[in-house]
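Structure first, commentary second.
There are 2 protein chains.
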Amino acid sequence: MSKKYVFEFGGGKADGKAEMKELLGGKGANLAEMASLGIPVPPGFTITTEVCNYYYQHNKSYPPELEAQVKQALANVEGIMQAKFGDPANPLLLSIRSGARSSMPGMMETVLNVGLNEKTLKGLIAKTGNERFAYDAYRRLIMMYSDVVMEKAAGIEPEEGRGVRVQLEHAMEKMKKKLHVVQDTDLTAADLKKLIKIFKTKVKTIIGKEFPDDPYEQIWGGIGAVFQSWNGKRAISYRRIEGIPDEWGTAVTVQSMVFGNMGDKSATGVAFTRNPATGENVFYGEWLVNAQGEDVVAGIRTPNPLNMKNKTEDTKEIQSLEEAMPPLYKELANIRDRLEKHYTDMQDIEFTIQEGRLWMLQTRTGKRNGPAAVKAAVEMVREGLIDEATAVLRVRPAQLDELLHDMLDPAEEQKARVLAKGLPAGPGGATGQVVFTADDAAKWTKEGKKIILVRHETSPEDVHGMHVAEAVLTARGGMTSHAALVARGWGKCCIVGCSALDIDTNKKVMTVSGRTIKEGDWISLNGSVGRVYEGKVPSVRPDLAANKEYTELMGWADKFRKLGVRTNADRPQDAAQARAFGAEGIGLTRTEHMFFGPERIKPMREMIIAEKEADRREAVMKLLPFQRQDFMGLFEAMQGLPVTIRLLDPPLHEFVTLDSDQIKELAKDLGTTVKKLKARVESLHELNPMLGHRGCRLGIAYPEITEMQARAIFEAAAELTKKGIKVYPEVMVPLVGTATEYNHQEAIIRRMAAEVMKETGVTFEYLVGTMIEVPRAALVADDIAKTAEFFSFGTNDLTQTTFGFSRDDIGGFLPIYLQQRILPEDPFQSLDERGVGQLVEMGTKKGRSTRPKLKVGICGEHGGDPKSIDLCHRVGMDYVSCSPFRVPIARLAAAHAALINK
Amino acid sequence: MSKKYVFEFGGGKADGKAEMKELLGGKGANLAEMASLGIPVPPGFTITTEVCNYYYQHNKSYPPELEAQVKQALANVEGIMQAKFGDPANPLLLSIRSGARSSMPGMMETVLNVGLNEKTLKGLIAKTGNERFAYDAYRRLIMMYSDVVMEKAAGIEPEEGRGVRVQLEHAMEKMKKKLHVVQDTDLTAADLKKLIKIFKTKVKTIIGKEFPDDPYEQIWGGIGAVFQSWNGKRAISYRRIEGIPDEWGTAVTVQSMVFGNMGDKSATGVAFTRNPATGENVFYGEWLVNAQGEDVVAGIRTPNPLNMKNKTEDTKEIQSLEEAMPPLYKELANIRDRLEKHYTDMQDIEFTIQEGRLWMLQTRTGKRNGPAAVKAAVEMVREGLIDEATAVLRVRPAQLDELLHDMLDPAEEQKARVLAKGLPAGPGGATGQVVFTADDAAKWTKEGKKIILVRHETSPEDVHGMHVAEAVLTARGGMTSHAALVARGWGKCCIVGCSALDIDTNKKVMTVSGRTIKEGDWISLNGSVGRVYEGKVPSVRPDLAANKEYTELMGWADKFRKLGVRTNADRPQDAAQARAFGAEGIGLTRTEHMFFGPERIKPMREMIIAEKEADRREAVMKLLPFQRQDFMGLFEAMQGLPVTIRLLDPPLHEFVTLDSDQIKELAKDLGTTVKKLKARVESLHELNPMLGHRGCRLGIAYPEITEMQARAIFEAAAELTKKGIKVYPEVMVPLVGTATEYNHQEAIIRRMAAEVMKETGVTFEYLVGTMIEVPRAALVADDIAKTAEFFSFGTNDLTQTTFGFSRDDIGGFLPIYLQQRILPEDPFQSLDERGVGQLVEMGTKKGRSTRPKLKVGICGEHGGDPKSIDLCHRVGMDYVSCSPFRVPIARLAAAHAALINK
């Protein structure tokens, strides 16, 4: 038997089914499914995606079997529809549509009304008794076909605005002008008849070929045009963005036409089986009488509410389908129930009513926003439609962001003027008055103002201004820049890398998109998509505590997941926030942020400048009480849970970026000369600080820093233990590349623990472990794990060193890399599984080869990225750690990973 | 039977042998070997290294069996020597010496004349009839023993210059002064007798204990002192430097004393079985009559030539041993012959003649310099002593350096004043007048002067000055800094990181070690050890071409080695030099050096500044003729051999480091504004340029650069092919981390090749491949090798990214890391086998898993490092590539690798 390339559907049965999306595309598979269910779908057939691949592998030709199979399928459609393709007396008309495995909306071609010519036109008129409708259908065919099929087949690549379609539209406009009418519908049958003549002449002139009258030529032209459009520019670039492989191919669905525009007993509409904005279990949709589907979608006419429940204050006077055609609405509502039960998920459907008869044209899984996804999933469990695991999988982890952050009111946002677009570094929405320095931010907020801090880029010295700001906006930097990291850590709205901003910090003014924005002017930010708006755009705050469905869903997620979820937090309030979000400990405390307070930076600088070890030790010991206090706060906020504290990591020069006045002052303070101080600061300058004297290299060169930090941790632990508070400090050595480095630092840490226990008479548990953040650490993880009790993958730095990418400098080439698909995505956002992931897996395996119970986690930015969390689950990590506002996302993603990889 | 801890030797037989160095130490094993051969050695016994380990594992106590075994061995020695330990009538005296598996000269303790006390002293006088000799021996014992054994056992740690030994020496000096004598030998027996009394009183006062009279207490004290000294400060730090494991331990050899200082029929000497400075097959040594061994070694007296052949112009009047004691010399020469035949290698021996009887005290493999090693090895093959493989293994590859470079005349060097010490970046010696800028270097050399270029550090813009300089000296930078790389590439003498230099480039003066060196002052450099001398120190040039032994040895090496050896060269003259040294192709041409000529840098800068692609393309195409010329030169120099050319690698900002005048001028030249130009230059600034927009990231962002370079390569290939010159270009894409990056660049390169072949009608072979220099490339090497035809490991960058070390900034912590043994060695000098080596092996294996015939090489600095070459051999690489002057070293190292890993 020859290979089956054509799958039929209609008349209550079908060759295909919903599971055959790979072969039939989403549209074709679901049409088949509906047909099998006995739901009324216009009969038709689907040519498989295999034909698409064949087509491209065989110089744009078809398998020999195809023509006969198409003919046979067509005959069957004719049988069901009681009409014949090309029959002047009783013509069957067809639509030809694309359909890939996953939806690529608007990226490929469609041809409608195929089968019309001068002869069948007459038949259509006779059959429908609607002359205007028939001429309009023919007019539409010519416009569509000449554009989609003929112009492309002729190899014409018209300049922008010079294509055949545009010229035909011009002709139509010209006629409307001449007749002083506005709407297409104002053209009469006679007008359209004339227009068709003009169209045909123009097509001949522009393309150099007659418009084909042969219905079979039309059908094969249409099929070819759809396959052709799989490799159109739009489709290719969409696939690049969405990561859809070229070899999937598209199917072609040929289906008998039904018309919603045959008069007042005809209609068309789109609907969701539940409200996609709220998740409410209400049939939700829009419809138009006497219209074609494209009219609803294109928004040319404002559609009507589907039923009484859908009515709003604005639409209460408008007739719903429920009122206009009660039996048909009832039939539709019935189909809606059957589809939801059958698919056990919210569906997005299209329907057409042709002269009082309902036809379903499409069903697919309905897109919904975060709150809706949560509500629908939980309610479906309550309704017994799905089980808990399915409900958990129904919500994309990233969708939770919408439940966690304030967001701009979507309706208001649509009306606002976009000033610029940047990288969506911190989700949520915010509105405030612009200030350009951290000090101004502090001052203005003290006066009770809401501000947005705008900077070229931020540094640790801006942190106090960032903290009080509603949002942070920077002209430079990427998704993992300082601004992005800090803002995201606080769940603060943030847009970075907004290169259109031309900021003059001295004059406190910026220009953007031709506008001048001064200090105090209002702007609004949508940090979830990276859009900056002029003026005030109101925000809305989702109430998470009151969201019972959210709480229930997260409970299920926690039940399924295997991975622990911790948070990255440097301050007690962040730790508390994360704990409220469900964090089970701290996976990363960056101690360096603790050294920037005015009373702390001075001894820090003294320490850095000191030439002798004794002076350095004296200076560093001044920091001990502050550090102890810091750690006590964190331990208290996290009592009963582990707290991982990373020792000082950044290169020292970060603490001594000083202008000449500051140098003078500091020199005076420290009793040294400006020249000496300058020389020391200069000597700290590095060509590649990322690869320089930082991490444990500091603790090895200056063991007194490690001593002080370890002592502060253990003194804090002792003091709280005395009070009956349970603490579990985990001391983490950064940037280890050799076991010797780790062992050097570990010895100091354990010595300090022993000293503190002896001095205080208090014992407490603690662990010592290390970051794995340079490739060598993963390569020799078996050595390191001999002494290290835990590993935490620092995948930010590991990504930098594995690729040899500086995340501060990646802006020079990353956009080109993404655009040209050199990289599928930004490896700092989603863990590069093939490369960096290989090291993560190797590090985990090797580590556990010498210490089977080694605790393994991740504390890079990837710890909050769902795709990366899936990898962490597969690798067998114990936990992921992420910023507080990503904790719920990580919990859900961990549950997904556990369910998917079962 | 109880475990054997004591191995005896003497009287023509021995328990041990030369192969038992692990157990008996080098000294003990060779004494046993000589005894077995019937060579006269003073009888004795060796306590094994196992006892040393036992000693430290058991709280400094001995195995219970030891005492009995020592007693038995001592009795046997007494039997052979016909004397008794501690016998007042006929006393046996002993020496107690250390002996580790490999020589640790002077790092551990020795005690001589053990067994002397007031009673045996009398016996010794009676036996020898030499009162003065006996008192002197006793005096020596007290000095040595009180210092080495007593003071340490008492736990006294005297301040510098306050130890017992120094105080005894002072007492002796005081007596000599009082008696108005100069030499120790001027003290009479009576004087010494008095001195001994003073000594004993002093010892009692200082240490609080009587000097022990019991010979057995003396012997056990001595044994303990030797074991104790294994963990002395000096010994530990020596082991750290030499990489000797702590667990080897030392053996202790107890041997009957023989005296070369018993009168005119006694003598002592050291000798080499061949000349260790030239390798000549001449018995070579020094001797002293009536002296102890330490007198020869310490250089207190100037020793005499051993034989007639050793005499020089200066020593022709001095009596040789050959003349003074002909029969004994003959016996010694005879032993020399037997030892060389037996050990089949040059020996370093010590002997003593006691009253007309010859005793051999030591034999070990003689240290020799490079030329001597080559000559001796080849001559030994000719003599039938060893085979060719052994000869090849006898020369350490690094020793060849001495044959390749001019070197300071060693005799003159000894007399010169050392100004400073830096890192030995480029071996050899040089002398010249100091200049401080590259332009001055060029100017002065044009005037016929020999200059040494002194800089803080060098940049590509200094290259013209570096090239004409005799040597380069920098205050900053490490072994792989720009200066080091470039100088080494040219075989030029170079010292870097000489931090003692305080350079004022404006004033053209530097101060160092309290001296002020002005422009034009003479200095001299020994780049092999990193020493800077004041004034002129003459150099000597080894004549390689005339060195038949070198040529012969290298021929054998080439026969044995499996690895190919290529060179890294950017200029035809370097390529030719390397070819003369035996290079079999170019493994790395860095094209960026080609863009710094004045007529080239301008279009380069135009290209960088250009905003539009068309302008950039126009600018870059101006470079095409220059590049083509560059490549033609290289291809011609290397005709018949492959030439690997790496596409542009460094970040663009390296080409636009401009001062404000240059910016003004360039802005004018390019028809742009200073502001715009500044902004562009500023925009190229990167925080971590090492990890920034460089390597193939440039070629992907600016494909026209790749097009131009590929075209230049292929046009050059076509033109030479037309002339009948065989060319094998291998185009290398730098800094690849993903197969997509490589494929992008490869497509351009192959397109250019096809275009050039079509345009010229000439066909030629070529390969396209890539550097493997970021960890990800090794991790996904199987992907990359699907399309790449060769890999070249760029282990400089791979080391940087694997460790996360910037080689420019490593100076901040590397010294501490080496000192504290966090790292065993600088990973930029010798490939880190455990970490980076793992990636090299993985990359090779994975690459060959998809392309079994993948050509694999190395072109990092490690390609010239013998230890790293051994790894490259084991990994199964096809070739190593190194700077021209390291080619012979690499050839020899490759032969070693092949022979050792057989």
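Chains S and B, in that order, are what the protein sequence lines are.
With the working numbering as the guide, the letters of the first sequence map in order to residues 1 to 902.
With the working numbering as the guide, the letters of the second sequence map in order to residues 903 to 1804.
C-beta atoms are modelled at their ideal positions from N, C-alpha and C, and glycine is treated no differently.
Annotated three-state conformation of Asp348(S) is strand, per DSSP.
Counting only Cβ-Cβ distances below 7 Å, Arg776(S) has contacts in chain B at Thr1704, Phe1705 and Gly1737, in chain order. When rounded, the separation of the alpha-carbon atoms in Ile1397(B) and Arg1378(B) is 10 Å. From the listed residues Val727(S), Ala575(S), Met262(S) and Ala18(S), the smallest Cα separation to Ala134(S) is found for Met262(S). Annotation: Cβ neighbours of Ile822(S) in chain B (cutoff 7 Å, chain order): Ile1602, Thr1640, Thr1642, Glu1643 and His1646. Taking the C-beta atoms as reference points, Ala441(S) is found nearer than 8 Å to Leu453(S).
Burial is judged here by how many other beta carbons sit within 10 angstroms of a residue's own beta carbon; Asn1177(B) has at least 16 and is buried.
Bridge pairing for Lys1577(B): absent [DSSP]. Per DSSP, Gln82(S) is not a residue of any alpha helix (DSSP H), being assigned neither H nor E.
Between Asn1590(B) and chain S, the shortest Cβ-Cβ separation is below 8 Å. By the rule that beta-carbons nearer than 8 Å mark a contact, Asp1038(B) does not touch chain S. Against chain B, the CB of Arg697(S) has a partner CB under 8 Å away; the residue lies at that interface. For Phe283(S), no beta strand (DSSP E) segment is defined, and its DSSP state is neither H nor E. With its beta carbon at least 8 Å from every one in chain S, Phe1787(B) lies outside the interface.
In the pairwise beta carbon analysis, the region 1025-1035 of chain B is classified as not touching the region 1206-1225 of chain B: fewer than three pairs are separated by under 8 Å. The Cβ of His693(S) sits closer than 8 Å to at least one Cβ of chain B. Bridge pairing for Leu1355(B): Val1337(B) and Val1374(B) [DSSP]. Within chain B, the residues whose beta carbon sits less than 7 Å from that of Val780(S) are Arg1736 and Gly1737, listed in sequence order.
Cβ atoms of Gly1328(B) and Lys1394(B) come within 8 Å of each other, at about 5 Å. Residues of chain B whose Cβ lies closer than 7 Å to the Cβ of Gln838(S) are, in chain order, Leu1681.
In this structure, Pro651(S) is the residue among Pro651(S), Ala778(S) and Ala785(S) with its C-alpha nearest to the C-alpha of Gly1714(B). Here Leu339(S) has Gln347 and Thr363 as same chain residues with Cβ atoms under 6 Å from its own Cβ, once five neighbours each way along the sequence are excluded. Look at Asp1115(B): its C-beta is not under 8 Å from any C-beta on chain S. Assignment of Gln1085(B) by DSSP, reduced to helix, strand and coil, places it in the coil class. Residues of the region 704-737 of chain S with a Cβ closer than 8 Å to any Cβ of chain B, in chain order: Leu735 and Gly737. In the assembly as shown, Val1442(B) is an exposed residue. Its beta-carbon has fewer than 16 other beta-carbons within 10 Å. Flagged as an interface residue toward chain S: Gly1714(B), by a C-beta distance shorter than 8 Å.
If only complete runs of 4 or more residues are kept, the region 723-802 of chain S shows the alpha helix (DSSP H) at 739-760, 775-779 and 781-784, in order along the chain.
Annotated as distal: Arg1270(B) and Gly1134(B), with beta-carbon spacing of 8 Å or more. Assignment of Gly1001(B) by DSSP, reduced to helix, strand and coil, places it in the strand class. The beta carbon of Ile816(S) sits closer than 8 Å to some beta carbon of chain B. Below the 7 Å Cβ cutoff, chain S contributes Glu686, Leu687, Asn688, Leu691, Gly692 and His693 as neighbours of Asp1711(B), in chain order. Apart from the 5 residues on each side of it in sequence, Arg1319(B) sits with its Cβ closer than 8 Å to the Cβ of Tyr1435, Glu1436 and Gly1437 in its chain, given in chain order. Under the DSSP assignment, Met1412(B) falls in the beta strand (DSSP E) whose first and last residues are Val1411 to Val1414.
Contact of Ser1361(B) with chain S by beta-carbon distance below 7 Å is absent, the smallest such distance being about 12 Å.
By the Cβ rule, the region 1778-1794 of chain B counts as touching the region 1296-1314 of chain B, because three or more pairs are nearer than 8 Å.
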